[in-house]
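*Asks:*
In the numbering used here, the protein residues as written are 1013 to 1424.
Written out as structure tokens, the structure is:
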């Protein structure tokens, strides 16, 4: 029996991906071309598509595989003569930093689209990789979820958090720079663990969060993890006019079956052994079920939702982003135009993104919980969804503009 188990373990070990992939580390980026794909470079520039992309990889304990990756990325960010549009992304389960990973390919496509919509910026993507995939064996891969979740919990500590703070300090040295930070699925869990306390402390001290905007997209995080954060938010009253865009946004799709059904199944047993919410939070959650709080992904927990985002079908191609209209406006036939993420103002009868504020007790201005329809996010992924990126870029500009206005006011 012991011999059989040993053979099985050896077979599984042989079926696992490499630990890390970006082994070519230089301060000078690799220039991608038709004849040179830079598939092992930790820093590359694609001049034809208009972006730079850096990779920083972490092991299962949240340590750098090669600290020089971080050094080369920070060096690149520090040496720019033009405004920078920086997107930091952490992937989820079943992904890594391999050039063949479709998250990597789609992130590259997303950066190209951002450059097309924001040609005045030097666009830089930072892909924070970890071992989201440890088995290539079909069917057995599903059994790795609990192990990989535990790793993502640890990932948000130590060098991972320190690197995020270093990136922010470097990028936000200049107020015209933009910093969008995104965690997806278990990557959202890593981001949340890394930045939750920092974000809240800053909010109370200076009224702003991390970077310009932090997005947790289809996060594999149970709703109970947000109870104390919601209670600790500064009091804010809903406003009838233009919404004050937040510095932290949780975005979940109603069409995401991974976090709606599969996630609940993975949480069924652990929830039995977890304590319920703090009794002191009872006034905050008068009708909450401890079971639902522990087994429901935050993007599907209806009592916490503050907004709904809908899109007309067919928002594809390289055209400018559509308008974002206020679906909460009193005159439904003439919605209040909030802003556009693109360069041109489209007509209201063209496809648009409709943002509706839900009638919840607290609008939680610094923190939004946004549920999308299937036209914005048709499944668990998001990297190739133009409606999502248009809304993210729109929200980023609103938040960055508010932060910059506050900085200018302080100078005066």
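We put the CB at the ideal spot given by N, CA and C, even for glycine.
Can you say whether residue 1032 is buried or exposed, counting buried as having 16 or more other CB atoms within 10 angstroms of its CB?
*Replies:* Residue 1032 comes out buried.
*Asks:* Could you check how far apart the C-beta atoms of residue 1428 and residue 1400 are, in whole angstroms? I think they sit under 8 angstroms.
*Replies:* Past the boundaries of the shown model lies residue 1428; the chain is included only from 1013 to 1424, so the question cannot be answered.
*Asks:* So, at 6 angstroms on beta carbons, what are the nonlocal neighbours of residue 1309 in its own chain, with the 5 sequence-adjacent residues on each side left out?
*Replies:* If we look at residue 1309 and ignore the five residues flanking it on each side, its Cβ neighbours are 1271, 1275.
*Asks:* Report all residues from its chain with a CB closer than 6 angstroms to the CB of residue 1066; omit the five preceding and five following residues, and keep chain order.
*Replies:* Contacts found: 1055, 1085, 1138.
*Asks:* Can you name the start and end residues of the alpha helix (DSSP H) that residue 1101 belongs to?
*Replies:* Per DSSP, residue 1101 belongs to no alpha helix (DSSP H); it is in the beta strand (DSSP E), 1096–1102.
*Asks:* Taking residue 1065 as part of the beta strand (DSSP E), name the residues at either end of that continuous run.
*Replies:* Looking at the DSSP string, the run of the beta strand (DSSP E) that includes residue 1065 is 1063–1069.
*Asks:* For residue 1406, which of 1281, 1282, 1258 has the nearest alpha-carbon?
*Replies:* The option with the nearest alpha carbon to residue 1406 is 1258.
*Asks:* What's the call for residue 1155, buried or exposed, on a 16-neighbour Cβ count within 10 Å?
*Replies:* Flag for residue 1155 reads exposed.
*Asks:* State yes or no: is the C-beta of residue 1428 within less than 7 angstroms of the C-beta of residue 1144?
*Replies:* Residue numbering for the chain in the displayed model covers 1013 to 1424; residue 1428 lies beyond these limits and cannot be assessed.
*Asks:* Quick one: measure Cβ to Cβ for residue 1200 and residue 1176, integer angstroms, because I've assumed they're closer than 8 angstroms.
*Replies:* Going by Cβ atoms, the distance from residue 1200 to residue 1176 rounds to 14 angstroms, so no, they are not a contact pair.
*Asks:* For the putative contact between residue 1319 and residue 1380, defined by C-beta atoms under 8 angstroms, what is the C-beta separation to the nearest angstrom?
*Replies:* Yes, residue 1319 and residue 1380 are in contact; Cβ-Cβ is about 5 angstroms, under 8 angstroms.
*Asks:* Going by DSSP, what residues sit across from residue 1126 in a beta bridge?
*Replies:* Paired residue(s): none; residue 1126 is not in a bridge.
*Asks:* Quick one: give me the first and last residue of the beta strand (DSSP E) that residue 1380 is part of.
*Replies:* First-last of the beta strand (DSSP E) with residue 1380: 1379–1384.
*Asks:* So the candidates are 1303, 1070, 1082, 1266; which of them puts its Cα closest to the Cα of residue 1160?
*Replies:* That would be 1070, whose Cα lies nearest to the Cα of residue 1160.
*Asks:* Please tell me whether residue 1223 and residue 1193 are closer than 7 angstroms, where the distance is taken between their beta carbons.
*Replies:* Yes, these two residues count as a Cβ contact at 7 angstroms.
*Asks:* So who's on the other strand from residue 1043, going by DSSP bridges?
*Replies:* Answer is 1057, bridged to residue 1043.
*Asks:* DSSP state of residue 1366, grouped into three classes?
*Replies:* In this structure, residue 1366 counts as strand in the three-state DSSP scheme.
*Asks:* Hey, residue 1225 and residue 1411 are a contact pair by Cβ (cut 8 angstroms); roughly how many whole angstroms apart?
*Replies:* That pair is a contact at about 5 angstroms.
*Asks:* Below 7 angstroms CB to CB, which residues in the same chain sit around residue 1260 once its five sequence neighbours on both sides are set aside?
*Replies:* Correct list, in chain order: 1211, 1221, 1226, 1378, 1379.
*Asks:* For residue 1252, count neighbouring C-beta atoms within 10 Å of its own C-beta (all shown protein chains included) and say buried if the count is 16 or more, exposed if not.
*Replies:* Only weak support is given to the placement of residue 1252: the predicted model assigns it a pLDDT of 45, under 50, and the value that follows is read from those uncertain coordinates. Exposed.
*Asks:* Please identify the residue among 1097, 1076, 1289, 1366 whose C-alpha is closest to the C-alpha of residue 1403.
*Replies:* Per the Cα distances, 1366.
*Asks:* Just to confirm the assignment, what range does the beta strand (DSSP E) spanning residue 1087 have?
*Replies:* First-last for residue 1087: 1079–1090, but that is the alpha helix (DSSP H), not the beta strand (DSSP E).
*Asks:* Suppose only complete runs of 3+ residues qualify. What are the beta strand (DSSP E) ranges in the stretch 1171–1197, listed by chain order?
*Replies:* Qualifying beta strand (DSSP E) stretches, in chain order: 1190–1196.
*Asks:* The beta strand (DSSP E) that contains residue 1335, what's its start and end?
*Replies:* Segment 1335–1338, the beta strand (DSSP E) holding residue 1335.
*Asks:* Do we get a CB-CB distance below 7 angstroms when we pair residue 1243 with the residues of chain E?
*Replies:* The question asks about chain E, but that chain is absent: this structure has only one protein chain.
*Asks:* Using CA coordinates, which residue listed in 1245, 1314, 1230, 1300 is at the minimum distance from residue 1371?
*Replies:* Nearest C-alpha to residue 1371: 1314.
*Asks:* In whole angstroms, give me the CA-to-CA distance for residue 1305 and residue 1151.
*Replies:* Spanning the two alpha carbons is a distance of roughly 29 angstroms.
*Asks:* The alpha helix (DSSP H) spanning residue 1163 covers which residue range?
*Replies:* First-last of the alpha helix (DSSP H) with residue 1163: 1157–1167.
*Asks:* For residue 1323, count neighbouring Cβ atoms within 10 angstroms of its own Cβ and tell me buried if that reaches 16, exposed if not.
*Replies:* By the 10 Å Cβ count, residue 1323 comes out buried.
*Asks:* So what does DSSP say about residue 1263, is it helix, strand or coil?
*Replies:* Three-state DSSP puts residue 1263 in a strand.
*Asks:* My assumption, with CB atoms under 8 angstroms, is that residue 1266 sits in contact with residue 1173. Please give the rounded CB distance.
*Replies:* Not quite, the Cβ-Cβ distance comes to about 31 angstroms (not below 8 angstroms), so this is no contact.
*Asks:* Which residue wins for smallest C-alpha separation from residue 1303, given the options 1072, 1168, 1316, 1282?
*Replies:* Of 1072, 1168, 1316, 1282, the residue nearest in Cα terms is 1282.
*Asks:* Go through its chain and collect everything with a Cβ distance to residue 1124's Cβ below 7 angstroms, but skip five positions before and after it.
*Replies:* Correct list, in chain order: 1061, 1062, 1063.
*Asks:* For a quick check, are the C-beta atoms of residue 1081 and residue 1037 less than 7 angstroms apart?
*Replies:* Going by C-beta atoms, residue 1081 is nearer than 7 angstroms to residue 1037.
*Asks:* At the level of alpha carbons, what is the spacing between residue 1269 and residue 1325?
*Replies:* So the alpha carbons of these two residues sit roughly 20 angstroms apart.
*Asks:* For residue 1141, which option in 1163, 1132, 1135, 1133 has the closest C-alpha, if you only look at C-alpha atoms?
*Replies:* When only C-alpha atoms are compared, the closest one is 1163.
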